[in-house]
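Written below as structure tokens is the structure these notes are about.
Numbering (our numbering), first residue to last: 109 to 446.
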């Protein structure tokens, strides 16, 4: 779907071609022969319009959806208008069907600003097409961790001190005991319930049996609490405290123990900007997004379009650990896009 801002841009960029002839009489017996057309190399080069101008606006990608709701489109238009006011750049919106479409658009120069998942961000960054500008903040944090859990009676040794909230051994020592065991994972695209924990196992040289994917963190805890489905699992910190679990299993915190915790290296969503934007443009857009989040209307629009509650400036080098463990899994990043 093309936004009203984009329609304005497309209409303005159409070229109207006119053929003009001079008046006056011609000899009826004379037929003018057409002269040779000028070669392409003979035409004067046409400078490309600067990004942010009316002829080449900044393209803001909305959250991916095959069928975006009218509320999202309307809120996206509001954001584009406010960004124009705050930066002075022309801004249009596009509504991509999938995150893979956004990643491809950055590579083609058809997107300049977007909010991406951790895996979408990694792809655009590794391709050299974009980098992070702002990190999503949840519960006053921009990064979160994960945990390996097991039933206490399963016989695994815990290398996590719940009183101090610290691991008591390195990952290699703690995770070796999972060699040849069967894991329960949340789902095939979960950073904390599958991908990053798998990366830690790979880094530790641990090979596990074919896993069970249970479509959620609560089901992983339930499976570990019970018997027969898997030997251990992984969740975000701390999925055991979900109200539904505590209601069904009052002793879940005692029966399901943490074996080892992955430190907070997993990012939430990222506001990414195209590498083609100048540093001044990036700074202007960064300031504009932060300013938007301080107003009720701007915050409401950001929540409607992207589900964001707060933003904080971030640098790409902050995610090197996350990238290392994702890469160690050997999983194709494109298969992890939502």
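C-beta: ideal position from N, C-alpha, C; glycine also.
Quick caveat, the model's predicted, so the values are computed rather than measured.
Spatial distance of residue i from residue j (CA atoms)
i	j	result
residue 227	residue 368	24 Å
residue 335	residue 185	52 Å
residue 206	residue 271	43 Å
residue 430	residue 328	22 Å
residue 362	residue 333	10 Å
residue 214	residue 316	37 Å
residue 382	residue 254	30 Å
residue 392	residue 196	9 Å
residue 348	residue 326	7 Å
residue 436	residue 252	19 Å
residue 189	residue 199	7 Å
residue 407	residue 379	15 Å
residue 275	residue 422	27 Å
residue 268	residue 201	47 Å
residue 340	residue 320	10 Å
residue 403	residue 247	19 Å
residue 279	residue 308	7 Å
residue 302	residue 357	24 Å
residue 432	residue 237	19 Å
residue 294	residue 193	43 Å
residue 281	residue 374	22 Å
residue 212	residue 175	19 Å
residue 167	residue 187	12 Å
residue 331	residue 446	25 Å
residue 372	residue 426	11 Å
residue 346	residue 162	49 Å
residue 397	residue 386	17 Å
Cβ-based burial, residue i [other Cβ within 10 Å; buried from 16]
i	result
residue 160	buried
residue 134	In this prediction, residue 134 has a pLDDT of 38, which is less than 50 and means its spatial position is unreliable; what the coordinates show is noted afterwards. Classification of residue 134: exposed, given that the 10 Å Cβ count is below 16.
residue 216	exposed
residue 399	exposed
residue 384	exposed
residue 233	buried
residue 365	buried
Minimum Cβ-Cβ distance from residue i to chain D less than 8 Å
i	result
residue 328	Here chain D cannot be found, since the structure has a single protein chain.
Close-in-space but distant-in-sequence residues of the same chain around residue i (CB under 6 Å, 5 per side omitted)
i	result
residue 86	As shown, the chain starts at 109 and ends at 446. That puts residue 86 outside it, with no answer to give.
residue 62	No answer is possible for residue 62: the residues shown for the chain start at 109 and end at 446.
residue 164	157
residue 418	245
residue 183	409, 412, 413
Span of the beta strand (DSSP E) around residue i
i	result
residue 214	Note, residue 214: premise wrong, no beta strand (DSSP E); alpha helix (DSSP H) at 207-216.
residue 259	251-259
residue 224	221-224
residue 420	419-421
residue 381	378-382
residue 291	291-293
Close Cβ partners of residue i (< 7 Å) along its chain, the five nearest in sequence each way excluded
i	result
residue 210	169, 172, 204, 219, 222, 224, 228
residue 179	412
residue 306	437
residue 420	242, 243, 245, 250
residue 394	241, 242, 421
For residue i, three-class secondary structure by DSSP
i	result
residue 182	helix
residue 164	strand
residue 198	coil
residue 244	strand
residue 357	coil
residue 450	There is simply no residue 450 to check, as the chain begins at 109 and stops at 446 in what is shown.
residue 443	helix
residue 340	strand
residue 275	strand
residue 320	strand
residue 231	helix
residue 301	helix
residue 239	strand
residue 264	coil
residue 326	helix
N- and C-terminal bounds of the alpha helix (DSSP H) containing residue i
i	result
residue 413	404-414
residue 391	387-400
residue 436	428-437
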